[in-house]
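Going by my numbering, the first residue of the sequence shown is number 1471, and it counts up by one from there. Heads up, the beta-carbon is just placed ideally off N, CA and C, and yes, glycines get one too. This report refers to the structure that appears directly beneath it.
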Amino acid sequence: MAESLDFVKICESCPPGDGWGPSVTSEITLDGVPYAPFSKGDKLGRMADWTAEGKDRERGGRLQYNRQYRDQQVYGTGHAVVFNAPPAEDETSFSVVSNTRDSTKSKFGRGAVFTRGRGQRGGRGDTRGGRGGQFQRAAGGRQGGYGGYDRGGRGGAGARGGRRFGWKDYDKPARNRDASINIKADWELLEEIDFNRLAKLNLDTDDGEDLDDYGFLYYYDRSYDKQPVKGSERKLTAIDRAAYNVTTSSDPVIQEYAEKDEATIFATDSILSMLMCSTRSVYPWDIVIVRQGNKIFLDKRDNANLDMVTVNENAADAPLEAADGGKDAINQPSALAEEATYINHNFANQVVSESDSTKVEMAHANPFYNSSEDTDPAASKAYKYRRFDLSTNEEEPVYLIVRTEIDAVQKNAISGEDQLVTIKALNEFDSRAQGSGGALDWRTKLVAQRGAVVTTEMKNNSCKLARWTVQSILSKSDVMKLGYVAFLVH
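Structure, rendered in structure tokens:
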């Protein structure tokens, strides 16, 4: 016969302190009875939560879990305890005012329909709410818009339903882009500077001084500033004019300044603006640094990427190359850049009034134009060579000479003085194509929602607009004109 065991005796035989469960004694007692103050409004916690790992995986990690389940085991914190000592003075006349704002939840929940990039494509023209407010998507027919210019060419791709992006896209893989040059294995790495270090660089300099100017300028046609009437939009016209983009070391004027020891560093506004706005750049680029004695020339390669005008470089979902899955050849970055560069060249020539009687001649002729070799007439362009003092101390003077460009001149409406003008053009991207970055239809939205159009362009083309602004500042231009070139679907 097996001897029966008494459960009470087994418990009493266990060493004290090795048990499991609530303590038999408590420091807080009420009439000799252990007591823990709590309120009926408090939430009861879990003794053991076996689903914590599932919540971490499904609801976005430990942060989401802590937000929902923290402080549930702290009893008695939600309401006042009736056992507290009464106040010594009458405090009924005092009140506490909270200055914190109550968080308002959207009807879609936290980050439910927060859309970015290609999530704005396709479908109906409606609004979708999200954590960042509302963002309008455009659809509808193409009818003339403010500042729009027609150009023939590409037709839009069919509307595609957009995928919604939100807080679950934090692990979206970054797009890898090939370098602009082939880096060889035998190259020695001298210095590596990341964008975070470049963004912190700052040097206070003077406004610079003008050394000399070359070329000539036509007056800007102010009729392009007026809002066009529907159906009378001006078409972009191809105008054959000789334009030059000579690198620094090949510039005869800069070579002359270098021989006279006028400066230590030489560059063009295109190269210098890329360096100054490099933290905004996404596409790969490179420059060539040539050292001749104590002189440094910042050069570019022939047909370099930084000569091209990019399109939607800073969009959340930038246009794809064919190697990355881009199916529409005309909407690939290389094709878009070639198109935008062509548009900017022709737009600057079209918006000026070519008249020899009102032409403004600079001190010297165009240093790159040769009438005996060039069959096309020279374009309206002035080259200003300006010098900046980059010295940090008087013992080691450092000067920089930059070749800047100006496109036109106009009369000041009040004083009547001539103002220097730089002219640039933003071209429309197909709002239904991949890489549009939520762009609106200009021909229907540019008049009523011009602010939204400009904001979208500033977001999708941050690097390009920053470079244009820097170039205008370097040349000390008085005005920068921005044109909007829309496309016409046949």
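Can you say whether Leu1860 is buried or exposed, counting buried as having 16 or more other CB atoms within 10 angstroms of its CB?
-> Sequence index remark: in the sequence shown, residue 1860 carries index 390 (1-based). Exposed: under 16 other Cβ atoms inside 10 Å.
Neighbourhood of Ser1748 by C-beta, 8 Å cutoff - its chain only, sequence neighbours within 5 removed | As a working mapping, residue 1748 is identified with position 278 in the sequence shown. For Ser1748, same chain residues with a beta-carbon under 8 Å away, outside a window of 5 residues either side, are Phe1665 and Leu1668 in chain order.
Does the beta-carbon distance from Pro1789 to Gln1904 come in below 8 Å?
-> The sequence position of residue 1789 within the sequence shown is 319, counting from 1. The sequence position of residue 1904 within the sequence shown is 434, counting from 1. Taking 8 Å as the Cβ cut-off, Pro1789 and Gln1904 qualify as a contacting pair.
Mapping DSSP to helix, strand and coil, what is Val1781?
-> Here residue 1781 refers to the residue found at position 311 when the sequence shown is read from its first residue. Under the three-state reduction of DSSP output, Val1781 falls in the coil class, being neither helix nor strand.
Thinking C-alpha only, which one of Asn1764, Ser1906, Ala1918 and Ile1943 is nearest Glu1927?
-> Stepping through the sequence shown from its first residue, residue 1927 is reached at position 457. When only C-alpha atoms are compared, the closest one is Ser1906.
Applying the criterion that 16 or more other CB atoms from any shown protein chain within 10 Å of the CB defines a buried residue, is Gln1697 buried or exposed?
-> Counted from its first residue, the sequence shown places residue 1697 at position 227. Taking every protein chain shown into account, the CB of Gln1697 has fewer than 16 other CB atoms within 10 angstroms, so this residue is exposed.
What are the uninterrupted segments assigned as alpha helix (DSSP H) that are 4 or more residues long and contained completely in the region 1892-1938, given in chain order?
-> Fully enclosed alpha helix (DSSP H) runs of no fewer than 4 residues occupy 1912-1915 and 1920-1930 of the region 1892-1938, in order along the chain.
Are the beta-carbon atoms belonging to His1815 and Tyr1684 less than 8 Å from one another?
-> Here residue 1815 refers to the residue found at position 345 when the sequence shown is read from its first residue. Here residue 1684 refers to the residue found at position 214 when the sequence shown is read from its first residue. It is not a contact, given that the beta carbons lie outside the stated cut-off.
Does the Cβ-Cβ distance between Leu1890 and Ile1871 come in under 8 Å?
-> Here residue 1890 is taken as the residue at index 420 of the sequence shown, counted from 1. Here residue 1871 is taken as the residue at index 401 of the sequence shown, counted from 1. No.
For Met1832, three-class secondary structure by DSSP | Within the sequence shown, numbered from 1, the residue matching residue 1832 stands at position 362. The DSSP-derived three-state label of Met1832 is coil.
What do you reckon, are the CB atoms on Tyr1869 and Leu1916 nearer than 8 Å?
-> Counted from its first residue, the sequence shown places residue 1869 at position 399. Counted from its first residue, the sequence shown places residue 1916 at position 446. Not a contact, by the Cβ cut-off of 8 Å.
Inter-residue Cα distance where the pair is Val1781 and Ile1884 | If you number the sequence shown from 1, residue 1781 lands on position 311. If you number the sequence shown from 1, residue 1884 lands on position 414. Distance between the alpha carbons of Val1781 and Ile1884: 36 Å.
Say whether chain B places a C-beta atom closer than 8 Å to the C-beta of Val1716.
-> Looking at the structure shown, chain B is missing, and only one protein chain is on hand.
Compute the Euclidean distance between the alpha carbons of Leu1681 and Asn1819, then round it to the nearest angstrom.
-> Here residue 1681 is taken as the residue at index 211 of the sequence shown, counted from 1. Here residue 1819 is taken as the residue at index 349 of the sequence shown, counted from 1. Approximately 26 Å, taken between the alpha carbons.
Classify Gln1802 as buried or exposed, calling it buried when 16 or more other Cβ atoms lie within 10 Å of its own Cβ.
-> Counting from 1 along the sequence shown, the entry for residue 1802 is found at position 332. With 16 or more other Cβ atoms within 10 Å, it is buried.
For the region 1805-1873, which segments carrying the beta strand (DSSP E) assignment without a break, of at least 3 residues, lie completely within its bounds, in sequence order?
-> Whole beta strand (DSSP E) segments, 3+ residues: 1851-1859.
Leaving out five residues before and five after Val1923 in sequence, what residues of the same chain have Cβ atoms less than 7 Å from its Cβ?
-> For this step, residue 1923 is matched to residue 453 along the sequence shown. So the list reads Leu1910, Trp1912, Lys1915 and Leu1916, once near-sequence residues are dropped.
CB contact flag (Val1821, Leu1687, <8 Å) = Start at 1 with the first residue of the sequence shown, and residue 1821 comes out as number 351. Start at 1 with the first residue of the sequence shown, and residue 1687 comes out as number 217. Between Val1821 and Leu1687, the C-beta spacing is not below 8 Å.
At least 3 beta-carbon pairs within less than 8 Å: the region 1760-1771 vs the region 1703-1718 = Segment contact: the region 1760-1771 against the region 1703-1718, three or more CB-CB distances shorter than 8 Å; contact assigned.
Cβ neighbour criterion (16 or more within 10 Å) applied to Ser1568 | Position 98 of the sequence shown, counted from the start, is the residue given in the question as residue 1568. Legend: pLDDT at Ser1568 = 48, less than 50; position of this residue unreliable, value from coordinates given subsequently. By the neighbour-count rule (16 or more Cβ atoms within 10 Å), Ser1568 is not buried but exposed.
Take Ala1807 as the anchor and find which of Ala1895, Ile1651 and Thr1707 has the nearest alpha-carbon.
-> Stepping through the sequence shown from its first residue, residue 1807 is reached at position 337. Comparing Cα-Cα distances from Ala1807 to each of Ala1895, Ile1651 and Thr1707, the minimum goes to Ala1895.
Gln1697 lies in the alpha helix (DSSP H); which residues open and close that run?
-> Residue 1697 sits at position 227 when you count from the first residue of the sequence shown. Neither: Gln1697 is in no alpha helix (DSSP H) and is coded neither H nor E.
Beta carbon of Glu1783, beta carbon of Asn1931: below 8 Å?
-> In the sequence shown, the residue the question calls residue 1783 occupies position 313. In the sequence shown, the residue the question calls residue 1931 occupies position 461. Going by C-beta atoms, Glu1783 is nearer than 8 Å to Asn1931.
Please go through the same chain and pick out, in chain order, the residues whose beta-carbon is closer than 6 Å to the beta-carbon of Asn1882, but skip the five residues on each side of it.
-> As a working note, residue 1882 is residue 412 in the sequence shown. Hits under 6 Å: Gln1889.
Among Glu1482, Phe1899, Ser1947 and Thr1811, nearest to Thr1874 - alpha-carbon criterion = Translated into positions along the sequence shown, residue 1874 becomes position 404. Thr1874 has its Cα closest to that of Ser1947, out of Glu1482, Phe1899, Ser1947 and Thr1811.
Where does Val1862 land, buried or exposed, given buried means 16+ other C-beta within 10 angstroms?
-> Numbered from 1 along the sequence shown, position 392 holds the residue referred to as residue 1862. Reading off the sequence shown, one finds Thr at residue 1862, where the question assumed Val. The residue is exposed, with fewer than 16 neighbouring Cβ atoms inside 10 Å.
Please state whether DSSP places Tyr1727 in a helix, a strand or coil.
-> As a first step, residue 1727 is located in the sequence shown; it is residue number 257 there, counting from the start. In this structure, Tyr1727 counts as helix in the three-state DSSP scheme.
Can the beta-carbon of Met1744 be found less than 8 Å from the beta-carbon of Arg1937?
-> For the purposes of this step, residue 1744 is taken as residue 274 along the sequence shown, with counting starting at 1. For the purposes of this step, residue 1937 is taken as residue 467 along the sequence shown, with counting starting at 1. Arg1937 is positioned such that its CB atom lies closer than 8 Å to that of Met1744.
Starting from the Cα of Asn1840, find the closest Cα among Ala1712, Glu1703 and Arg1692 and give me that residue.
-> Stepping through the sequence shown from its first residue, residue 1840 is reached at position 370. Across the set Ala1712, Glu1703 and Arg1692, the C-alpha of Ala1712 shows the shortest separation from the C-alpha of Asn1840.
Cβ separation of Val1752 and Cys1933, assumed to be a contact under 8 Å, to the nearest whole Å = The residue labelled residue 1752 in the question sits at position 282 within the sequence shown. The residue labelled residue 1933 in the question sits at position 463 within the sequence shown. About 7 Å; that satisfies the 8 Å criterion.
Which residues in the same chain as Ala1848 place their Cβ atom closer than 8 Å to its Cβ, once the five residues preceding and following it in sequence are excluded?
-> As a working note, residue 1848 is residue 378 in the sequence shown. So the qualifying residues of the chain are Gly1685, Phe1686, Arg1711, Ala1712, Asn1836 and Tyr1839.
How would you write the range of the alpha helix (DSSP H) that Arg1667 sits in, first residue to last?
-> Walking along the sequence shown from the start, residue 1667 turns up at place 197. That run of the alpha helix (DSSP H) goes Phe1665 to Ala1669.
Within the same chain, show all residues whose beta-carbon is closer than 8 Å to that of Thr1939, passing over the 5 residues directly before and after it, in chain order.
-> Stepping through the sequence shown from its first residue, residue 1939 is reached at position 469. Beyond the five residues adjoining it in sequence on each side, Thr1939 comes within less than 8 Å, by CB distance, of Met1950 in the same chain, given in chain order.
Pick from Phe1817, Met1832, Asp1648 and Phe1858: whose alpha carbon is nearest that of Thr1734?
-> The sequence position of residue 1734 within the sequence shown is 264, counting from 1. Of the listed residues, the one whose Cα sits closest to Thr1734 is Phe1858.
Beta-carbon proximity check, Ile1757 vs Phe1817, cutoff 8 Å | Here residue 1757 refers to the residue found at position 287 of the sequence shown. Here residue 1817 refers to the residue found at position 347 of the sequence shown. Inclusion of Ile1757 and Phe1817 in the CB contact set at 8 Å is not warranted, their separation being larger than that value.
Spatial distance of Ser1827 from Asn1652 (CA atoms) = Taking the sequence shown and counting its residues from 1, one reaches residue 1827 at position 357. Taking the sequence shown and counting its residues from 1, one reaches residue 1652 at position 182. Ser1827 and Asn1652 have their C-alpha atoms some 51 Å from each other.
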